[in-house]
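Position 175 (the sequence shown) corresponds to 791 in the numbering used here; numbering is contiguous. Glycine included, every Cβ here is placed at the ideal spot set by N, Cα and C. These notes concern the structure reproduced below.
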Amino acid sequence: MLSFDSMMFPPGIGPLNAAQHQLFYSLLKQSIWQCDQIADFTANMQDQRLVEYKYNSSLSRPCQIDYIRKLPLEDVAMMYYLINHLSTIFSYWQMDWDTSDPELIERTTVFEESILRHGSWFLWACFNKNRAWETLASTTIDSGMKELADFEEGVEGAQHGLRLTLMRRFAKLVRSRKELPVKMYIVVRRTVLGTNETWVDSDDDEREETGVDYEDIEDDEDIEDDEDDEDDDDDELD
């Protein structure tokens, strides 16, 4: 069973003393709680169309996206860390099970999306080594693969994923779309270890690459998502 409570040397963070470990562990638990909060938007929807379980809920998605878009930097960075670390474990497990899977990258992306969308029950299903739970997790990922394919093919009604929303939110808060994983680790280290690390991006490159002058932004609401550039943005934020 996967556990963070004894992780004294978390990837990308470094060795932790007792106080730092307690803080790190509590922040990860809070990140899972945030995912449960996002999942609850679907669970609490009072509509007959949601009586049967569905991976995709068009009714709850706007509320879920709005929730993520209001999260502060430290919360977004920890959720980013959570799905990034767990997806690394997931991809290794998948390679051990099937080294020839041509859709491993897509399946790993859907795994990250499923953590954000379903929260703690999905993680339990994936990692507790129970056949029934593993079947439920596999079915959930298969449904997500179908949704991802629909989105990439431009099927009418296909919606933006929560993973992309989280990446966009993080990019807005750090005012950059370059090397987001590197910046995520810096933010987490600043939060957990109290470091004063920072980063420097070229303003000219930023303006040319994104069309946005991040130095002029006072509020993340000033940056509007451009649906016409969705595919390009997804490539930048991976």
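Query raised in the report: Exposed or buried, which one is residue 788 when buried takes at least 16 other CB atoms within 10 Å?
Result: On the sequence shown, position 172 is the one that residue 788 refers to. With 16 or more Cβ atoms within 10 Å of its Cβ, residue 788 is classed as buried.
Query raised in the report: Short check: CB of residue 736 to CB of residue 648, under 9 Å?
Result: Reading the sequence shown from its first residue, position 120 is the one you call residue 736. Reading the sequence shown from its first residue, position 32 is the one you call residue 648. It is a contact, given that the beta carbons lie within the stated cut-off.
Report task. Quick one: grab the DSSP three-state call for residue 739. Result -> Counting from 1 along the sequence shown, the entry for residue 739 is found at position 123. In the structure shown, residue 739 sits in a helix (DSSP, three-state: H, G or I).
**Report entry** Assigned exposure category for residue 755 - 16 Cβ within 10 Å defines buried
**Finding:** Within the sequence shown, numbered from 1, the residue matching residue 755 stands at position 139. Counting Cβ neighbours within 10 Å, residue 755 comes out exposed, since fewer than 16 surround it.
Query raised in the report: Straight-line CA distance for residue 884 to residue 675?
Result: Because the chain in this structure spans residues 617 to 854, residue 884 falls outside the shown range and cannot be described.
Query raised in the report: Can you find at least 3 beta carbon pairs, one from the segment 793-813 and one from the segment 677-695, that sit closer than 8 Å?
Result: Yes, the segment 793-813 is in contact with the segment 677-695.
Query raised in the report: Is it buried or exposed for residue 650, if we count other Cβ within 10 angstroms and need 16 for buried?
Result: Along the sequence shown, one-based indexing puts residue 650 at 34. When all chains shown are included, residue 650 counts as buried.
Query raised in the report: When DSSP labels each residue in this structure, what does residue 745 get in the three-state scheme?
Result: On the sequence shown, position 129 is the one that residue 745 refers to. DSSP places residue 745 in coil when its eight states are reduced to three.
Query raised in the report: Would you report the Cα separation of residue 766 and residue 816, rounded to the nearest angstrom?
Result: By one-based count along the sequence shown, residue 766 stands at place 150. By one-based count along the sequence shown, residue 816 stands at place 200. Looking at the two C-alpha atoms, the distance is approximately 37 Å.
Query raised in the report: Among 628, 683 and 645, which one has its Cα closest to the Cα of residue 656?
Result: Your numbering for residue 656 matches position 40 in the sequence shown. Taking residue 656 as reference, the option from 628, 683 and 645 with the minimal CA-CA separation is 683.
**Report entry** Of the residues 799, 785 and 764, the one placed nearest residue 775, counting alpha carbons only
**Finding:** As a first step, residue 775 must be located in the sequence shown, where it is residue number 159. Ranking 799, 785 and 764 by Cα distance to residue 775 puts 764 first.
Requested in this report: Please go through the same chain and pick out, in chain order, the residues whose beta-carbon is closer than 7 Å to the beta-carbon of residue 726, but skip the five residues on each side of it.
Outcome: By 1-based counting over the sequence shown, the position of residue 726 is 110. Taking C-beta separations shorter than 7 Å and ignoring five residues to either side along the sequence, the partners of residue 726 in its chain run 757, 760, 761 and 764, following chain order.
Report task. Would you mind sorting residue 703 into buried or exposed? The rule is 16 or more other CB atoms within 10 Å of its CB. Result -> One-based indexing of the sequence shown puts residue 703 at position 87. Burial call: buried.
Query raised in the report: Leaving out the 5 sequence neighbours to the left and right, which residues in its chain are closer than 7 Å to residue 645 when beta-carbon positions are compared?
Result: Locating residue 645 in the sequence shown gives position 29, where the first residue counts as 1. Close CB contacts of residue 645 within its chain, under the 7 Å cut and outside five residues either way in sequence, are absent.
Query raised in the report: In terms of residues, what are the limits of the alpha helix (DSSP H) holding residue 788?
Result: By 1-based counting over the sequence shown, the position of residue 788 is 172. Per DSSP, the unbroken alpha helix (DSSP H) holding residue 788 starts and ends at 778-790.
Query raised in the report: Which residue from 812, 732 and 810 puts its Cα closest to that of residue 654?
Result: As a first step, residue 654 must be located in the sequence shown, where it is residue number 38. For the options 812, 732 and 810, the alpha carbon positioned closest to that of residue 654 is the one of 732.
**Report entry** Exposure of residue 747, with buried meaning 16 or more beta-carbon neighbours within 10 Å
**Finding:** Numbered from its first residue, the sequence shown carries residue 747 at position 131. Residue 747 is exposed by the Cβ-count criterion.
Report task. Consult DSSP for residue 677 and reduce its assignment to one of helix, strand or coil. Result -> Along the sequence shown, one-based indexing puts residue 677 at 61. In the structure shown, residue 677 sits in a helix (DSSP, three-state: H, G or I).
**Report entry** Beta-carbon proximity check, residue 808 vs residue 799, cutoff 9 Å
**Finding:** Taking the sequence shown and counting its residues from 1, one reaches residue 808 at position 192. Taking the sequence shown and counting its residues from 1, one reaches residue 799 at position 183. The criterion of a C-beta distance shorter than 9 Å is not satisfied by residue 808 and residue 799.
Requested in this report: Return the CA-CA distance between residue 785 and residue 698, expressed in angstroms with no decimal places.
Outcome: On the sequence shown, residue 785 is found 169 positions in, with the first residue counted as 1. On the sequence shown, residue 698 is found 82 positions in, with the first residue counted as 1. Distance from the CA atom of residue 785 to the CA atom of residue 698, rounded to whole angstroms, is 16 Å.
Report task. Kindly list the residues whose CB is nearer than 6 Å to the CB of residue 810, restricted to its own chain and excluding five residues on each side of it in sequence; keep chain order. Result -> Position 194 of the sequence shown holds residue 810. Excluding residues within five positions, none has a Cβ falling inside 6 Å.
Report task. May I ask which residues mark the beginning and end of the alpha helix (DSSP H) holding residue 727? Result -> Walking along the sequence shown from the start, residue 727 turns up at place 111. That run of the alpha helix (DSSP H) goes 720-734.
Report task. Would you tell me roughly how many angstroms separate the C-alpha atoms of residue 681 and residue 624, rounded to the nearest one? Result -> Mapped onto the sequence shown, residue 681 falls at position 65. Mapped onto the sequence shown, residue 624 falls at position 8. Cα to Cα, residue 681 sits roughly 33 Å from residue 624.
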